[in-house]
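These notes are about the structure you will find just below.
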Amino acid sequence: MSAPLAGKVAVVTGSGQGIGRDIALCMAEAGAGVITNNRKPGSSLDAFEKTTLSFSDEEREALENVSGDAQTTADEILRRGGEAVPFFGDVGDFEVARRMVETAIETFGRVDIVVNNASSNWVGNFMDMDEDLWDVSVVSKLKGAFNLMHHSLPHMKRQGYGRILNSSSDAFLGLEGYAAYGAANAGLVALTKGAAQDVRAHGITVNAYTPLAKTRAWYNAAATYRLQGVPAEAVEAAAPAAMKRTAEGMVPFLAYLGSDDAADITGHLFRLAADGEIGLWSTPEVVTSIRTDAEAWSMSELRARVPNELLKDVVGASTSLPVGQRDSQS
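For the sequence shown, position 19 matches number 19 in the UniProt record's numbering, and the numbering has no gaps at all.
Set out below in structure tokens:
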């Protein structure tokens, strides 16, 4: 087969299991040397931080079948004839991220592709969130992406080549129970678009994507709904088609974005779904407005015009979450 990433080196954070594992395997199959990563050896069955579920025997068996860590992913790449080195460490730690990039340089001599896939998440009402729970969702996702970008970009600049791929989430739209996670992902979209403009003159592209596939979080969500008395058939029926398939078939798009062929693709947010769809998210725009001829708005004018003109076509403000689509770094 062709090797579009031959000679390239990819760092894939959070690649012990789930979508990150599939990305790492795909990058290696395309010819790249890969640094695999997760926080520590072994893995947890719990997809959501600070949350413990009582799994059934069937759920536990399914989770154990999809579990793994940086070592098991690297071992699988080696078994298939590729090149990989595992790195254990938390991407949210600035110094750890530096060592991860240096591991790529020391092992392979360069770093060409960084996939910021690592993510942690706590699910719950914002009123129940404290500082630690905020950090669970924000540090690994948003600060972690900054850390890897900061340490890898100088090497990419010297090479005149670099590809940054940031895993966001449709939680950036604002989803119930995912306020902090949504904020981190919205920040990641802005980081992607801003950084893309800053580095494009150096042969470096920066893109983001929102993945949707069946992951460990699916099984956690199913257990959550079961404990709440929701039948498994109802959960299955409510889930989007993409969440009923694993990610192997969709991740080649990320290898494409990491290749020479994607040199002019930067600053975009893509939707990547396991049912075969690749989409391009629109850029937000002002869709309606009102204007006053007075020097300042009066309260009476605002009372009359905001509901009847500015917001006349707005229907509600909440967004529902398709069950079980989130994955995490562990």
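For each residue, glycine too, the CB sits at the ideal point set by N, CA and C.
The structure displayed is predicted, hence computed values, not measured ones.
Discussion item. Across the segment 284–301 and the segment 268–275, are there enough close Cβ pairs to call them in contact, namely three or more that are closer than 8 Å?
Written reply: no
Worksheet entry | Neighbour-count burial assignment, isoleucine 35, 16 or more Cβ in a 10 Å radius | buried
Discussion item. Going residue by residue through the segment 283–319, where are the continuous alpha helix (DSSP H) segments of at least 4 residues, counting only ones entirely within it?
Written reply: 299–305
Worksheet item: What is the residue span of the beta strand (DSSP E) that phenylalanine 88 lies within?
Response: 83–88
Item to complete: Can you check the segment 78–133 for any alpha helix (DSSP H) of at least 4 residues that lies completely inside it and give the ranges in chain order?
Response: 94–108
Worksheet entry | Alpha-carbon spacing of arginine 99 relative to aspartate 264, whole angstroms | 30 Å
Worksheet item: So arginine 163 is in the alpha helix (DSSP H); what residue range does that whole segment cover?
Response: Per DSSP, arginine 163 belongs to no alpha helix (DSSP H); it is in the beta strand (DSSP E), 162–167.
Worksheet item: If you draw a straight line from the alpha carbon of glutamate 176 to that of asparagine 185, how long is it in whole angstroms?
Response: 14 Å
Practice prompt. Answer yes or no: does any C-beta atom of chain C fall closer than 8 Å to that of phenylalanine 108?
Written response: No chain C is part of this structure, which consists of one protein chain only.
Worksheet item: Just curious, the alpha helix (DSSP H) that valine 199 is in, first and last residue?
Response: 179–199
Worksheet entry | Closest residue to threonine 192 among Val115, Trp134 and Gly249 (Cα-Cα distance) | Val115
Worksheet item: Over what stretch of residues does the beta strand (DSSP E) that includes isoleucine 19 continue unbroken?
Response: That residue, isoleucine 19, is in no beta strand (DSSP E); its alpha helix (DSSP H) goes 18–29.
Discussion item. Considering just the uninterrupted stretch of the beta strand (DSSP E) at alanine 273, what are its terminal residues?
Written reply: 269–273
Worksheet item: Touching or not, the segment 76–92 and the segment 20–29, by the rule of three or more beta carbon pairs under 8 Å?
Response: yes
Practice prompt. Would you kindly work out how many angstroms separate the C-alpha atoms of glycine 276 and aspartate 90, rounded to a whole number?
Written response: 32 Å
Practice prompt. Assuming valine 206 and threonine 266 form a contact by the criterion Cβ under 8 Å, report the distance between their Cβ atoms to the nearest whole angstrom.
Written response: 6 Å
Worksheet item: In three-state DSSP terms, what is threonine 73?
Response: helix
Worksheet item: Are the segment 232–252 and the segment 298–314 touching by the rule of at least three beta carbon pairs closer than 8 Å?
Response: no
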